[in-house]
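Numbering (the UniProt record's numbering), first residue to last: 1 to 73. One structure is given below, encoded as structure tokens.
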């Protein structure tokens, strides 16, 4: 699925963004990614099955989506 990025005009693949107005898709994507990661799916944990690293990576899109990446003081 390719969509034009409204800001840059470039195509984006898969991940919905707030700029597209598809909040429901963004939330569904984040929820599914979170569920699969926390359930221990190997495709989301990598070959070393490192849950701590996977959670650190998983936090980044959530922080970006919810607070624009700005957290803390």
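Beta carbons are placed, not taken as given, at the ideal position from N, Cα and C, and that holds for glycine. Quick caveat, the model's predicted, so the values are computed rather than measured.
Nonlocal neighbours in the same chain, by C-beta distance under 7 Å from residue i, ignoring five residues either side
{"i": "residue 9", "result": "Residue placement at residue 9 is flagged as unreliable, the pLDDT there being 49, under the threshold of 50; the coordinate-derived value follows with that caveat. The answer is none, since no qualifying residue turns up."}
{"i": "residue 59", "result": "none"}
{"i": "residue 48", "result": "none"}
{"i": "residue 50", "result": "none"}
Chain C within 8 Å of residue i, Cβ atoms only
{"i": "residue 22", "result": "Chain labels in this structure do not include chain C; a single protein chain is all it has."}
Residue i, enclosing alpha helix (DSSP H) - first and last residue
{"i": "residue 41", "result": "That residue, residue 41, is in no alpha helix (DSSP H); it is neither H nor E in DSSP."}
{"i": "residue 64", "result": "51-67"}
C-beta contact flag for residue i and residue j at 8 Å
{"i": "residue 30", "j": "residue 62", "result": "yes"}
{"i": "residue 65", "j": "residue 38", "result": "no"}
Exposure of residue i, with buried meaning 16 or more beta-carbon neighbours within 10 Å
{"i": "residue 54", "result": "buried"}
Cβ-based neighbour list, residue i, same chain, cut-off 8 Å, excluding 5 preceding and 5 following
{"i": "residue 36", "result": "43, 44"}
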